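For the record, the sequence lines run as chains G and E. Here the first sequence stands for residues 117 to 329, where the numbers follow my numbering. Here the second sequence stands for residues 54 to 63, where the numbers follow my numbering. Think of the CB as a built atom: it goes at the ideal place given N, C-alpha and C, for glycine as much as any other residue. Predicted, not measured: the structure shown is a model, and the values here were computed from it. Data first, discussion second: the structure below is written as structure tokens.
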Amino acid sequence: MNVFRLLGDLSHLASILILLHKIQTTRSCRGISFKTQALYVVVFLTRYLDLFLGDWVSLYNTAMKLFFIGSSCYILYLMKLRFRPTHDPAIDTFRVEYLVGPSLILALIFNYKYTLVEILWAFSIYLEAVAIMPQLFMLQRTGEAETITTHYLAALGAYRGLYIPNWIYRYFSDGTVDPIAVIAGLVQTGLYLDFFYVYFTRVLQGQKFELPA
Amino acid sequence: DDDTTRHDEL
Numbered sequence: 117m118n119v120f121r122l123l124g125d126l127s128h129l130a131s132i133l134i135l136l137h138k139i140q141t142t143r144s145c146r147g148i149s150f151k152t153q154a155l156y157v158v159v160f161l162t163r164y165l166d167l168f169l170g171d172w173v174s175l176y177n178t179a180m181k182l183f184f185i186g187s188s189c190y191i192l193y194l195m196k197l198r199f200r201p202t203h204d205p206a207i208d209t210f211r212v213e214y215l216v217g218p219s220l221i222l223a224l225i226f227n228y229k230y231t232l233v234e235i236l237w238a239f240s241i242y243l244e245a246v247a248i249m250p251q252l253f254m255l256q257r258t259g260e261a262e263t264i265t266t267h268y269l270a271a272l273g274a275y276r277g278l279y280i281p282n283w284i285y286r287y288f289s290d291g292t293v294d295p296i297a298v299i300a301g302l303v304q305t306g307l308y309l310d311f312f313y314v315y316f317t318r319v320l321q322g323q324k325f326e327l328p329a
Numbered sequence: 054d055d056d057t058t059r060h061d062e063l
């Protein structure tokens, strides 16, 4: 565990707390893509299977995994049941099969071991890399976002961004490289670049998040 | 050699 990894994880944790705060205080999930949130549930369930296989890493690791599974399921519940009328499926139109299908194919080709757990792990890494696309697509479509939603996205983007210096650190400190995680992580971070540009040049200057028409 | 690769990241 190094400082980049810890900050990355805390940023991930913060993003979920920001999202929960947004939904609870505005009593609305307007502007949030249900499809992206559903993909995260799939990502966590397929990646954290090791929880049930007795593959113990640390209390920190187990607690975080349980939190990510639990909170992502809770968010789906809030969106689908509790605040259902505030979710507009008409603008959440990205085709998730374009993300799930290729991720599955990639996982079948590129994995560390040809076992169910390892294929699902690789699948979860590839799927996570692109899971934000329905959300970004929705943002692009509506052309604007509530400020709190942009803070959520910024924290989520920072999480994978911070994993990059973590991997560089690990390469020099213990000589390990996880090519699947690194390549997918670079793609994932890259998807946020346009968003971050607008976030830094507008939202952090006190302006509303608006895309040029 | 273990049957699974050890993934210690989240």
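What number of angstroms, rounded off, separates the C-alpha of residue i from the C-alpha of residue j?
i: Ala130 (chain G); j: Val246 (chain G); result: 20 Å
i: Phe288 (chain G); j: Val298 (chain G); result: 15 Å
i: Glu262 (chain G); j: Tyr285 (chain G); result: 35 Å
i: Thr231 (chain G); j: Leu224 (chain G); result: 10 Å
i: Ile132 (chain G); j: Gly186 (chain G); result: 11 Å
i: Asn282 (chain G); j: Thr258 (chain G); result: 35 Å
i: Cys145 (chain G); j: Ala206 (chain G); result: 14 Å
i: Lys151 (chain G); j: Leu307 (chain G); result: 17 Å
i: Pro201 (chain G); j: Gly322 (chain G); result: 30 Å
i: Leu215 (chain G); j: Leu320 (chain G); result: 31 Å
i: Gln153 (chain G); j: Tyr190 (chain G); result: 10 Å
i: Tyr275 (chain G); j: Phe325 (chain G); result: 20 Å
i: Asp310 (chain G); j: Val119 (chain G); result: 26 Å
i: Asp61 (chain E); j: Ala329 (chain G); result: 44 Å
i: Asn273 (chain G); j: Thr178 (chain G); result: Sequence inspection shows Gly at residue 273 (chain G); the Asn mentioned does not correspond to that position. Taking the straight line from one Cα to the other gives about 23 Å.
i: Tyr313 (chain G); j: Val212 (chain G); result: 26 Å
For residue i, go through chain E and note every residue whose CB falls closer than 7 Å to its CB, in chain order.
i: Val173 (chain G); result: Asp61
For a contact defined as C-beta to C-beta under 9 Å, what are the partners of residue i on chain E?
i: Ala297 (chain G); result: His60, Glu62
i: Lys181 (chain G); result: Leu63
If you follow the alpha helix (DSSP H) that residue i is in, where does it begin and where does it stop?
i: Ser240 (chain G); result: 232 to 246
i: Ser144 (chain G); result: Per DSSP, Ser144 (chain G) belongs to no alpha helix (DSSP H) and is neither H nor E.
i: Lys229 (chain G); result: Looking at the DSSP string, Lys229 (chain G) is not in any alpha helix (DSSP H), and its letter there is neither H nor E.
i: Ala300 (chain G); result: 295 to 307
i: Lys330 (chain G); result: The first residue shown for chain G is 117 and the last is 329, placing residue 330 (chain G) beyond what the model contains.
Excluding the five sequence neighbours on either side, which residues of its own chain have a C-beta within less than 7 Å of the C-beta of residue i, listed in chain order?
i: Val159 (chain G); result: Ser240, Leu243, Glu244, Ala247
i: Leu220 (chain G); result: Phe239
i: Lys333 (chain G); result: Because chain G here runs from 117 to 329, residue 333 (chain G) falls outside it and cannot be looked at.
i: Val157 (chain G); result: Ser188, Cys189, Leu192
Apart from the five residues on each side of it in sequence, which residues of its chain come closer than 6 Å, Cβ to Cβ, to residue i?
i: Gly147 (chain G); result: Ala261, Glu262, Thr265
i: Arg121 (chain G); result: Asn282
i: Val293 (chain G); result: Tyr287
Short of 8 Å in beta carbon distance, which residues of its chain neighbour residue i, apart from the five on each side in sequence? Order them along the chain.
i: Thr162 (chain G); result: Leu236, Trp237, Phe239, Ser240, Leu243
i: His137 (chain G); result: Ile264
Quiz item: Closer than 8 Å, Cβ to any Cβ of chain E: which residues of the segment 117 to 131 of chain G, in chain order?
Solution: Correct list: Arg121, Asp125, His128.
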